[in-house]
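For reference, the structure discussed in these notes is given below.
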Amino acid sequence: MSDLIDDPIPGQNMPEYTVSEISGEVKRTLEGSFGRIRVRGEVGRVFKARSGHLYYDIKDDRNVLACTTWKGQIDGLSVVPEEGLEVVVTGRLTAFGAQSKYNLNVDEVAVAGQGALMALLEKRKKQLESEGLFAPERKKPLPYLPQIIGVVTSPSGAVIRDILHRLRDRFPRKVLIWPVAVQGSSCAPEVARAIEGFNRLTPGGALPRPDLIIVARGGGSIEDLWGFNEEIVARAAAASQIPLISAVGHETDTTLIDYVSDRRAPTPTAAAELAVPVRMELLAWTGQQGARLSRAATDAVQRRAQRLRDLSRALPRAETLLDSPRQRLDLIADRLAPALQRGVQNRRLQVVELSAHLRPSTLRNLVKTRQDQLRNLSSRLSVRPIRREIEVQRQAVNRLSDRLNAAQINRIDRLRKQVDATERLRISLGYESTLERGFAVVRAEGRIVTSKEEASRHASLEIQFADGRMTTGSTAAKPPAKKDKPEPPDQGTLF
Numbered sequence: 001m002s003d004l005i006d007d008p009i010p011g012q013n014m015p016e017y018t019v020s021e022i023s024g025e026v027k028r029t030l031e032g033s034f035g036r037i038r039v040r041g042e043v044g045r046v047f048k049a050r051s052g053h054l055y056y057d058i059k060d061d062r063n064v065l066a067c068t069t070w071k072g073q074i075d076g077l078s079v080v081p082e083e084g085l086e087v088v089v090t091g092r093l094t095a096f097g098a099q100s101k102y103n104l105n106v107d108e109v110a111v112a113g114q115g116a117l118m119a120l121l122e123k124r125k126k127q128l129e130s131e132g133l134f135a136p137e138r139k140k141p142l143p144y145l146p147q148i149i150g151v152v153t154s155p156s157g158a159v160i161r162d163i164l165h166r167l168r169d170r171f172p173r174k175v176l177i178w179p180v181a182v183q184g185s186s187c188a189p190e191v192a193r194a195i196e197g198f199n200r201l202t203p204g205g206a207l208p209r210p211d212l213i214i215v216a217r218g219g220g221s222i223e224d225l226w227g228f229n230e231e232i233v234a235r236a237a238a239a240s241q242i243p244l245i246s247a248v249g250h251e252t253d254t255t256l257i258d259y260v261s262d263r264r265a266p267t268p269t270a271a272a273e274l275a276v277p278v279r280m281e282l283l284a285w286t287g288q289q290g291a292r293l294s295r296a297a298t299d300a301v302q303r304r305a306q307r308l309r310d311l312s313r314a315l316p317r318a319e320t321l322l323d324s325p326r327q328r329l330d331l332i333a334d335r336l337a338p339a340l341q342r343g344v345q346n347r348r349l350q351v352v353e354l355s356a357h358l359r360p361s362t363l364r365n366l367v368k369t370r371q372d373q374l375r376n377l378s379s380r381l382s383v384r385p386i387r388r389e390i391e392v393q394r395q396a397v398n399r400l401s402d403r404l405n406a407a408q409i410n411r412i413d414r415l416r417k418q419v420d421a422t423e424r425l426r427i428s429l430g431y432e433s434t435l436e437r438g439f440a441v442v443r444a445e446g447r448i449v450t451s452k453e454e455a456s457r458h459a460s461l462e463i464q465f466a467d468g469r470m471t472t473g474s475t476a477a478k479p480p481a482k483k484d485k486p487e488p489p490d491q492g493t494l495f
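Written out as structure tokens, the structure is:
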């Protein structure tokens, strides 16, 4: 190592290294000290890169060792590592200086036994299955178009953004987010409380109850997803009255909540696709159905019209329907006049025959018989009942006459009172009562004058006061002519 040591700075005894120098020395030390080794542990996270290299972890209850199998080494493996599988791996320990990490380059993998986590998961799965929580008849159908969707996930991850984006593209809906931890010790109780909390909400309340629940989380190792394998989460999902979609992990990840949920989605985006239909597809489908309905209605009308035309061809023409009745009418009309003549002749013969049998003695006997019958009937009649009935009817007529007279008198009194009231009203509204208060009526040539200008155009005016009339003007200046006898006093007028 002397070639790596630069001359010390004056006053210091410690040498200085570059970063590449120390990384290379650590790598040589690891590879020289360990060489080719075998390690036993449980396979954790497994990831295959686009380049074809395989990255995974080997772990125990305390530590994790990163492992890498290059693309060219994968074909030589007898067992491909799977998460949860307990294996014995063989390879060389090396370091990766670019990230200050060390890992094991594995070229051989052998199965050592089932991992503890997978064994525990299998035990829980069998227990819940025996209780019937995985039964298909317990699965509730998803609503076709939920109004409100509840999402149980982390509010800061990419999962909620993917769900909201997918819902916005397909059919925008209201979304209620219940934030929870999606890994760690607090994951299981928070997820269980979120599912129970959504179920306790009141439909149509201030915070409305969702029609569908989505429990979502991104991919990860079995340890990261272990919170969704807890029994408390599985039982909360099974007890949910609201249909539930589980979207935990990616397509290859499976947890207990997937078995008890009503529907499993391989990804959170797929869960959003299961939750709502595509709005544009619904609009297109609606348009297609409307077009089909219009075409069907048009076709039905056309078929009915064609059917009507076909039936009308089978019917006879209207004018031909009256040919036979018209012929019968002509025949009957031709036969009517002779029939009437024969009928009259027959009746005349019958009268002649009957008159030949009549004799005066026969008529007298018939009249006598009818008279005897009339006398018998008249003798059976009694005069007293008739007189009594006449007396009863006479009394009834008298009573009706009295009532009629009283009603007429009352009616005349009422009419007289109405006339008196009308007369009083006429007097109170007439101009004569106004004259008594000092007013006068001015007339000229028999017409009432209402203005000074109109009065100035007349030579004489007639003024009516309450106690009489007088004339002014040229006519009034002349002395009254002498008469042989005095004029009777002016009687006035009622109008």
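Numbered by the UniProt record's numbering, the letters in the sequence shown go through residues 1 to 495 in order. Even glycine gets a Cβ: it sits at the ideal position worked out from N, Cα and C. Remember, predicted model here, so these are calculated numbers, not experimental data.
Residue(s) in a DSSP beta bridge with Arg447: Mapped onto the sequence shown, residue 447 falls at position 447. Ala444.
Sequence-distant residues of the same chain with beta carbon closer than 8 Å to Ala237, five excluded per side: As a first step, residue 237 must be located in the sequence shown, where it is residue number 237. Ile195, Val215, Leu244, Ser246, Ile257, Val260, Ser261.
As assigned by DSSP and simplified to three states, the class of Ala216: Within the sequence shown, the letter at position 216 stands for residue 216. It is a strand residue.
Where the beta strand (DSSP E) containing Asp57 begins and where it ends: Residue 57 sits at position 57 when you count from the first residue of the sequence shown. Residues 54-59.
Own chain, CB closer than 7 Å to Val159, minus 5 neighbours either side, in chain order: The residue you call residue 159 lines up with position 159 of the sequence shown. Around Val159: Thr153, Ala216, Arg217, Gly218, Pro268.
Three-pair Cβ contact test at 8 Å for the region 117-126 versus the region 89-97: no
C-alpha distance - Ala98 paired with Arg138, whole-angstrom precision: Here residue 98 refers to the residue found at position 98 when the sequence shown is read from its first residue. Here residue 138 refers to the residue found at position 138 when the sequence shown is read from its first residue. Looking at the two C-alpha atoms, the distance is approximately 53 Å.
Supposed contact pair Leu164 and Pro277 - C-beta distance, whole angstroms, cut 8 Å: The count along the sequence shown starts at 1 and reaches residue 277 at position 277. The count along the sequence shown starts at 1 and reaches residue 164 at position 164. Not quite, the Cβ-Cβ distance comes to about 17 Å (not below 8 Å), so this is no contact.
Boundaries (first-last residue) of the alpha helix (DSSP H) holding Leu207: In the sequence shown, residue 207 corresponds to position 207, counting from 1. No alpha helix (DSSP H) contains Leu207, which DSSP labels as neither H nor E.
Reference Thr252; option with closest CA among Leu274, Val301, Leu331, Ser221: On the sequence shown, position 252 is the one that residue 252 refers to. It is Ser221 whose Cα lies nearest to the Cα of Thr252.
Beta-carbon proximity check, Ala66 vs Lys101, cutoff 8 Å: Position 66 of the sequence shown, counted from the start, is the residue given in the question as residue 66. Position 101 of the sequence shown, counted from the start, is the residue given in the question as residue 101. Yes.
Buried or exposed by the 16-neighbour rule on C-beta atoms within 10 Å, applied to Ala95: By one-based count along the sequence shown, residue 95 stands at place 95. It is buried - the Cβ of Ala95 has at least 16 other Cβ atoms within 10 Å.
Nonlocal neighbours in the same chain, by C-beta distance under 8 Å from Ala188, ignoring five residues either side: In the sequence shown, counting from the first residue as 1, residue 188 sits at position 188. Hits under 8 Å: Gly227, Phe228, Glu230, Ile232, Val233.
Same chain only: Cβ atoms within 8 Å of Thr471, ignoring 5 sequence neighbours per side: Looking up residue 471 in the sequence shown gives position 471. Correct list, in chain order: Ser460, Leu461, Glu462, Ile463.
Whole-angstrom distance between Phe34 and Pro15, CA atom to CA atom: Position 15 of the sequence shown, counting from 1, holds the residue named residue 15. Position 34 of the sequence shown, counting from 1, holds the residue named residue 34. When rounded, the distance between both Cα atoms is 27 Å.
Exposed unless 16 or more other CB atoms sit within 10 angstroms - verdict on Glu86: Counted from its first residue, the sequence shown places residue 86 at position 86. Classification for Glu86: buried.
Between the CA atoms of Leu54 and Arg170 - distance to the nearest angstrom: Translated into the one-based positions of the sequence shown, residue 170 becomes position 170. Translated into the one-based positions of the sequence shown, residue 54 becomes position 54. For Arg170 and Leu54, the distance between alpha carbons rounds to 36 Å.
Whole-angstrom distance between Asn63 and Arg200, CA atom to CA atom: Within the sequence shown, the letter at position 200 stands for residue 200. Within the sequence shown, the letter at position 63 stands for residue 63. When rounded, the distance between both Cα atoms is 42 Å.
Whole-number beta carbon distance between Arg45 and Asp57, since they are thought to touch under 8 Å: The count along the sequence shown starts at 1 and reaches residue 57 at position 57. The count along the sequence shown starts at 1 and reaches residue 45 at position 45. Sure, about 5 Å apart at Cβ, within 8 Å.
Span of the alpha helix (DSSP H) around Trp285: Locating residue 285 in the sequence shown gives position 285, counting from the first residue. That run of the alpha helix (DSSP H) goes 279-314.
For Gln327, three-class secondary structure by DSSP: Locating residue 327 in the sequence shown gives position 327, where the first residue counts as 1. Of the three classes helix, strand and coil, the one that applies to Gln327 here is helix, per DSSP.
Burial state of Gly438, where buried means 16 or more other Cβ atoms lie within 10 Å: Taking the sequence shown and counting its residues from 1, one reaches residue 438 at position 438. By the 10 Å Cβ count, Gly438 comes out exposed.
Limits of the unbroken alpha helix (DSSP H) element including Pro189: Along the sequence shown, one-based indexing puts residue 189 at 189. It spans 187-200 - the alpha helix (DSSP H) in which Pro189 sits, taken as one unbroken run.
Buried versus exposed, by CB contacts within 10 Å (16 or more), Asp413: Here residue 413 corresponds to residue number 413 of the sequence shown, with the count starting at 1. By the neighbour-count rule (16 or more Cβ atoms within 10 Å), Asp413 is not buried but exposed.
Inter-residue CB distance, Glu108 and Leu133 (contact presumed, cutoff 8 Å): The residue given as residue 108 occupies position 108 in the sequence shown. The residue given as residue 133 occupies position 133 in the sequence shown. In fact, because the Cβ distance is near 41 Å, the residues do not count as touching under 8 Å.
Supposed contact pair Lys174 and Ile148 - C-beta distance, whole angstroms, cut 8 Å: Here the question's residue 148 lines up with position 148 in the sequence shown. Here the question's residue 174 lines up with position 174 in the sequence shown. Rounded, the Cβ-Cβ distance is 5 Å, consistent with contact.
Minimum Cβ-Cβ distance from Val64 to chain C less than 8 Å: As a matter of chain content, chain C is missing from the structure shown, which is built from one protein chain.
Beta carbon of Asp136 nearer than 8 Å to that of Pro155: Position 136 of the sequence shown, counted from the first residue, corresponds to residue 136. Position 155 of the sequence shown, counted from the first residue, corresponds to residue 155. Just to set this straight, residue 136 is Pro in the shown sequence, not Asp. No, Cβ-Cβ distance for Pro136 and Pro155 is not below 8 Å.
Cβ shell of Leu121 (< 6 Å), same chain only, five flanking positions each side left out: Residue numbering aside, residue 121 sits at position 121 when the sequence shown is read from its first letter. Contacts found: Asn229.
Contact under 8 Å by Cβ, residue 496 with Val43: Only positions 1 to 495 of the chain appear in the structure, and residue 496 is not among them; the question remains open.
CA nearest to the CA of Gln73, picked from Thr422, Glu281, Asn105: If you number the sequence shown from 1, residue 73 lands on position 73. Measuring from the Cα of Gln73, the nearest candidate turns out to be Asn105.
N- and C-terminal bounds of the alpha helix (DSSP H) containing Arg168: One-based indexing of the sequence shown puts residue 168 at position 168. Per DSSP, Arg168 belongs to the alpha helix (DSSP H) from 158-170.
Contact belief for Ile242 with Pro210 at Cβ below 8 Å, rounded distance in angstroms: Within the sequence shown, numbered from 1, the residue matching residue 242 stands at position 242. Within the sequence shown, numbered from 1, the residue matching residue 210 stands at position 210. Their Cβ separation, rounded to whole angstroms, is 6 Å, which keeps Ile242 and Pro210 in contact under 8 Å.
N- and C-terminal bounds of the beta strand (DSSP E) containing Gly150: Position 150 of the sequence shown, counting from 1, holds the residue named residue 150. Run containing Gly150: 148-153, per the beta strand (DSSP E) assignment.
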